[in-house]
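Below you'll find the structure, written out as structure tokens, and then a few comments.
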Amino acid sequence: MTEKEVNIQKEYIEKIREQIKNKNLKYNILTMGCQLNENDSEKLCGMLEEMGYEREENVKNADICLFNTCCVRENAEDKLFGKLGELKKLKEEKGIIIAIGGCMMQEKHITDKIKESYTFVDIIFGTHTLHRFPQDLYLSMQEKRKIEDVIDIDGEIYEGLPIKRDSSIKASVTIMNGCNNFCTYCIVPYVRGRERSRNPKDILEEVKKLASEGYKEVTLLGQNVNSYLRVEREKDIPFEKYEGIDSFAKLLRAVNKIDGIERIRFVSPHPKDFTDDVIDAIADCEKVCKLIHLPLQSGNTKVLKEMNRRYTKEQYLELVEKMKNKIPNLTLSTDIIVGFPGETDEEFEDTLDVVRKVKFEQVYMFIYSRRVGTPADRMENQIAEEDKHRRFNKLKELVESQIEENNKKYVGTTQKVLVEGESKNNSDMLTGRTDSNKVVIFEGTKDLVNKIVDLKIVSEHMWYLKGEVEK
Ligand code: 5AD
Ligand code: SF4
9 MTEKEVNIQK EYIEKIREQI KNKNLKYNIL TMGCQLNEND SEKLCGMLEE
59 MGYEREENVK NADICLFNTC CVRENAEDKL FGKLGELKKL KEEKGIIIAI
109 GGCMMQEKHI TDKIKESYTF VDIIFGTHTL HRFPQDLYLS MQEKRKIEDV
159 IDIDGEIYEG LPIKRDSSIK ASVTIMNGCN NFCTYCIVPY VRGRERSRNP
209 KDILEEVKKL ASEGYKEVTL LGQNVNSYLR VEREKDIPFE KYEGIDSFAK
259 LLRAVNKIDG IERIRFVSPH PKDFTDDVID AIADCEKVCK LIHLPLQSGN
309 TKVLKEMNRR YTKEQYLELV EKMKNKIPNL TLSTDIIVGF PGETDEEFED
359 TLDVVRKVKF EQVYMFIYSR RVGTPADRME NQIAEEDKHR RFNKLKELVE
409 SQIEENNKKY VGTTQKVLVE GESKNNSDML TGRTDSNKVV IFEGTKDLVN
459 KIVDLKIVSE HMWYLKGEVE K
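Just so you know, our numbering puts the end of the sequence shown at 479, numbered straight through with nothing missing.
Have a look at this one:
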């Protein structure tokens, strides 16, 4: 069924290709949000480039402007509506085609607002209809009408769509879609639907292809990545087993065996699904990076319960202890939300306490943002903005002091760095990342790009380290 659908879309790609031949048309794309969204954008770029459109970074020179939206926090909405304001002029002046897709388009109050106040938008598509973009674009061009292609049911998994990847060194591979956890603050389950996993065979084939193309690092993606195939297992939903793979741990072990791939990362796991088999696989697989992202959200057991996270402060700390004992050289990063409804100053202290104890390599900090339709939005005890900001600043101060402290530990050590290319700020220097995802800048020759090199760390700066090639 999905194969037939993909073929239909390929026909639309061909039709557009015919139509725009020799016209030298260009597209501009803006992506907000997480790595999953970036991976979706790579698929959109793949489709557009197959049609014959060329990528253009300056929207003023583009014929199509595409927006892949996120809705996890409020500022993303401000960004979209600000940008749409700017695009109105381009629409009036040159008739640029404007398409908006992604998570935010699954929210009715947003699409209503667009249809009411931004009537110049040509195409609206959601997360479950991304694969139908060629058809939507064709119909919009052909029939000169507004297209709204958003469905509420869980989308299928479509294999074999074209893809244009951002990097030739690191690649993302989405292994599952959707989320069944319903954390009370989070909009994701409503906009990305229920968990569904890709077949292990399709994933391994994609990774093998990446390896043959010279990619060195893959990041396995999912909103709840370590519950890969869990729903299918628990509900006895038949799925194509391949090399005996029926769990995330087994998938990690299988990816680890693929020649050419040298580093494996994954985001985002949920602490409650961090079973022993996953910990053992990380410890055993030499290619799996030992930086693990383990979202904490809050360090207080009562707040965690209100968030529906299904672990306590103690359970989180025990999990960290267990992982540290089993995985040599483990480093951790995390996500934290401050100012969840009802959170008191005292409860927030528990979050600081966990941060002090775990000493994360990196902390992604967020101010709680009310999301329409989520249980937390309906809670009455919302926190005043100034309290949220005060707590955020306190957390930021602690995190930054820890990062400074932690950076010092790198100086004098030798790190394996995957070299990604020239440094953005200084083209005489190369840049790469350690296993723990720290940026390292160093002097070196271009032939080192896409290789893992040993670098001696000579100095530390807040957001990067400086290294030297080991003689
Ligand atoms: N407000 C603030 N942060 C949020 N996140 C998810 N939903 C919200 C929200 N409503 C954060 C969580 C999640 C990360 C991707 O975004 O920390 O792990
Ligand atoms: Fe944003 Fe979540 Fe959608 Fe990613 S899945 S783009 S974080 S709303």
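No residue lacks a Cβ here, since even glycine has one placed at the ideal position from N, Cα and C.
Given the structure is predicted, the values throughout are model-derived calculations rather than measurements.
Distance cut-off 6 Å: residue i Cβ against heavy atoms of the ligand 5AD
i	result
P303	yes
V380	no
C53	no
Y193	yes
V67	no
Y376	yes
D343	yes
V328	no
R81	yes
Simplified DSSP state of residue i, which is helix, strand or coil
i	result
V380	coil
M55	helix
S220	helix
V346	strand
I21	helix
V457	coil
G110	strand
N333	helix
N30	coil
H301	strand
T339	strand
E240	helix
M149	helix
Y418	helix
L169	coil
G93	helix
Y472	coil
V447	strand
K310	helix
F247	coil
V129	coil
Y319	coil
S176	coil
Own chain partners of residue i with C-beta closer than 7 Å, once the 5 adjacent residues on each side are dropped
i	result
F356	V346 and R399
C458	In the sequence as presented, Cys is not what sits at residue 458; that position holds Asn. For N458, where only same-chain residues beyond five positions count, the Cβ hits under 7 Å are I177, G222, K224 and V427.
Q17	H139, R140, P142 and Q143
S49	I37, T39 and N76
V461	V425, V427 and V477
D358	G307, N308 and K321
A70	K34, Y35, N36, E64 and I104
D361	G307
K23	Y146
Neighbourhood of residue i by C-beta distance below 6 Å, restricted to the same chain and skipping five residues each side
i	result
Y126	L92
T10	E164 and Y166
Q390	P349
N445	L299
H278	N232
G168	V14
N415	E468
F274	L228 and V233
E472	For the sequence presented, residue 472 should be read as Tyr rather than Glu. So the qualifying residues of the chain are V447 and I449.
H136	I159 and G163
I183	R206, I211, L228, G230 and Y236
Any C-beta of chain C under 7 Å from that of residue i
i	result
E357	Although the question refers to chain C, the structure presented lacks it and comprises just one protein chain.
Cutoff 8 Å; reference residue i; Cβ partners in own chain excluding five residues on either side
i	result
D288	A257 and K334
L52	I37, L74, N76, G109, L138 and F141
I161	H136 and G201
Item checked: Contact the segment 334-353 vs the segment 217-227: 3+ CB pairs below 8 Å -> no
Next item on the list: State whether the segment 264-273 contacts the segment 309-316, with contact taken as three or more CB pairs (one from each stretch) at a distance under 8 Å.
Entry: A contact is defined here as three or more CB-CB pairs under 8 Å, and the segment 264-273 fails this definition with respect to the segment 309-316.
Check: Is the segment 100-111 close to the segment 29-49, with three or more CB pairs under 8 Å?
Finding: yes
Next item on the list: Decide yes or no for the touch test of the segment 195-207 against the segment 230-248: beta carbon pairs closer than 8 Å, at least 3 of them.
Entry: yes
Next item on the list: Spell out a yes or no on whether the segment 371-387 and the segment 320-327 are touching, meaning 3 or more CB-CB pairs, one atom from each, closer than 8 Å.
Entry: no
Margin query: Three Cβ pairs or more, each shorter than 8 Å: is that satisfied between the segment 20-33 and the segment 49-68?
Written below: A contact between stretches requires three or more CB pairs, one per stretch, nearer than 8 Å, and the segment 20-33 meets this requirement with the segment 49-68.
Margin query: Can you confirm whether the segment 185-203 touches the segment 243-250 when touching is taken to mean that 3 or more C-beta pairs between the two stretches lie within less than 8 Å?
Written below: no
Next item on the list: Specify whether the segment 78-86 and the segment 366-379 touch according to this definition: at least 3 beta carbon pairs, one from each stretch, less than 8 Å apart.
Entry: yes
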